[in-house]
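Just so you know, we're using this note's numbering here: the sequence shown kicks off at 1 and counts up by one.
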Amino acid sequence: YHPHLSIAGNCRMCQVEVKGAPKMEIACNTVVKEGMEVLTQEASAKAKDAQAATLEFILINHPLDCTVCDQAGHCKLQDYHYEYNARPSRFLEDKVHKVKAVPLGPTVILDGERCIMCTRCIRFCDEVTGTSELGMLNRGDRSVIAINPGRELNNPLSGTVVDLCPVGALTHRDWRFNTRIWFTKQVDTICPGCSTGCNAKAAVRDQQVVQVKARMNDKVNKEWMCDEGRYGFHRFLPEKRILSPLVEGKAVSREEALKAVKGLAGDDLLVLLSPDLMLEDYVRIKGFLDKSFKSYTSAVAYRERKLTPVEAILISPDYACNFRGAVFAGLAAGNLEQSYNEALQGLVNGKFSRVLMVGDRSIIANDQKSEVLHAISKAQCSVGIFTDAESPLASAAKIILPGRSILEKSGMLINRRNRLQYAQQLLDFPESSDPEWRIVTRLAEAFGNKLGDAVADREATFETIKGDTRLAGLTIKRIKDGGVDLEAISAKAAESEAAAEARV
């Protein structure tokens, strides 16, 4: 059973006793009726014995290879065996052997012996992606999952079938046998690949993301996740880091760099923002700019792309996970793509002599052309808060401050549908780096302004929530628990205000 797939009713594990019914019923496909009295395994010995017997049949041909199975430690079959039928096997005959380590496509491998024929993978490809690559062959204990002739499992959401597989039958080709799950740190986070904001659980070991699974969230991604996001977390962690402040290519102290940053003072400042900063970063940047400059132009790096029908099921037409955060903070508005293009054109045409770039993706990779880089290098003052030492932007900017990747900090993100969510830090960060909100706080202090007292990500989140009436009453726990619909709480606040005025 899966709440977002059709009911197959083929595992029989949810058998219950319905009073008046001639035999046991499966709960997943039984329609509730007036006056129905149902006894589950908690109240019916008959139902409990039926579940134990069913699980014993499911395990008859299952291989005893938990010690080498990739799914060991997070396998539902192991959990159910412990919960429903923790007893030695009575099976004496030879087990049926099926296909082993068969690639279904570029991302997924099948171990047929472990498959319990739940058909989740088949139903997903039939009902969600509509691509129907998978099917079931043969009957009885000879049944096996297979790809249709001349096809391969290669749709944009193909890795989701591994998440859906309750056993170790389907595994990721990229992550197969790379680690044991109990040697990893598992963190609930948000995928930064696009503005859908898919809920994910990332497994981290030795400063590497070694596996990513989708987390259930009915309001965002159900339990689906695209391959581009799942296998793309490494994109946000550069191989060579900026580890100290730089001025004209030379390593300097933080104080020297902050002194040099005062060159941004002027009325022709352009601020280019990466779309994968946290909301806390955007709010601090907005406070810094409003308090320190009479006028400035800001734009968030945003550009849409065309999606195929299957991609459009889940993926947003951008690579901008938190562009809504920039809009929420008041740093961007209207047609974001047009504003971004106009900002770049103004930079190339010499309209701006001072440039502040926050984040490695403050200028989209395809836009980091020679004329843009030349304009940055020739600007009177160009400052970049970056992590990637090999980025062309780092070579062009005159002053560089070491920031952190989105994987190295915790904070709030707003997805395309204005749902506020919370992403937790996945990886450790270099000691010499700082989150962007802290760097901007120091920039404000260099200009004689104070933005806040936070010294840790969590404190910055508290200050952000407390400082904005639109977030009044929210807590990190509430935001973590599936996210918060900002439009809904805004409407509710408006209703309360209207009701208060009516009483007056």
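Heads up, the beta-carbon is just placed ideally off N, CA and C, and yes, glycines get one too. Computed from a prediction, not measured in an experiment: that's the story for all the values here.
- A contact between stretches requires three or more CB pairs, one per stretch, nearer than 8 Å, and the stretch 295–306 fails this requirement with the stretch 477–485.
- Nearest Cα to S158 within the set D188, K477, L110: L110.
- For the stretch 328–357, the continuous alpha helix (DSSP H) assignments of 4+ residues that do not extend past its boundaries occur at 336–348, in sequence order.
- In the DSSP assignment, H81 falls within the alpha helix (DSSP H) that extends over 76–84.
- Between V300 and A251, the C-beta gap is not smaller than 9 Å, which leaves the two residues out of contact.
- Judged by DSSP secondary structure, Q211 falls within the beta strand (DSSP E) whose first and last residues are 208–214.
- Under the criterion of beta carbons closer than 8 Å, D141 and N199 do not qualify as touching, at roughly 37 Å.
- Straight-line spacing of the CA atoms in H81 and C14 works out to 14 Å.
- Residue G130 holds the alpha-carbon nearest to the alpha-carbon of E311 among G350, T475, G130, Y282.
- In the assembly as shown, L474 is a buried residue. Its beta-carbon has 16 or more other beta-carbons within 10 Å.
- A straight line joining the alpha-carbon of L373 with that of E445 spans about 29 Å.
- When DSSP reads this structure, S298 sits in a beta bridge with V271.
- Its chain contains A200, A202, R230, F233 as the residues whose beta carbon lies nearer than 7 Å to that of V212, once the 5 sequence neighbours on both sides are disregarded; these appear in chain order.
- From the listed residues D276, V271, K398, A101, the smallest Cα separation to G197 is found for D276.
- Around the beta-carbon of G359, 16 or more other beta-carbon atoms lie within 10 Å, marking it buried.
- In the three-state scheme derived from DSSP, where H, G and I count as helix and E and B as strand, C11 is classed as coil.
- Judged by DSSP in its simplified three-state form, R90 adopts coil rather than helix or strand.
- Along the length of the stretch 426–482, whole alpha helix (DSSP H) runs at least 4 residues long occupy 436–446, 457–466, 476–480, reported in chain order.
- Note on R241: 16 or more other CB atoms within 10 angstroms of its CB, so buried under the neighbour-count rule.
- Per DSSP, the continuous alpha helix (DSSP H) segment holding R284 begins and ends at 279–292.
- In this structure, the beta-carbon distance from R90 to A50 does not fall below 9 Å.
- Fewer than three Cβ pairs drawn from the stretch 210–228 and the stretch 442–459 lie within less than 8 Å of each other, which leaves the two stretches out of contact.
- In the structure shown, the three-state DSSP call for T160 is helix.
- In this structure, DSSP gives S382 an extended state, which the three-state scheme calls strand.
- Excluding residues up to 5 positions away in sequence, V252, R254, A257, L401 lie with their Cβ nearer than 6 Å to the Cβ of P245 in the same chain.
- Inter-residue distance for P106 and R442 is about 47 Å (C-alpha atoms, whole angstroms).
- Taking C-beta atoms under 8 Å as the contact rule, N322 and L237 fail to qualify, at a distance of about 17 Å.
- The criterion of a C-beta distance shorter than 9 Å is not satisfied by G411 and I385.
- For D188, the enclosing beta strand (DSSP E) covers residues 185–190.
- The residue from L270, I122, M24 with its alpha-carbon nearest to that of V144 is I122.
- With at least 16 other beta carbons inside 10 angstroms of its own, E280 counts as buried.
- Here K286 really is in contact with A329; their C-beta atoms are around 5 Å apart, less than 8 Å.
- Under the three-state reduction of DSSP, E487 is assigned to helix.
- Around the beta-carbon of K450, fewer than 16 other beta-carbon atoms lie within 10 Å, marking it exposed.
- The secondary-structure analysis by DSSP pairs Y1 with nothing; it has no beta-bridge partner.
- I406 places its beta carbon 9 Å or farther from that of M225.
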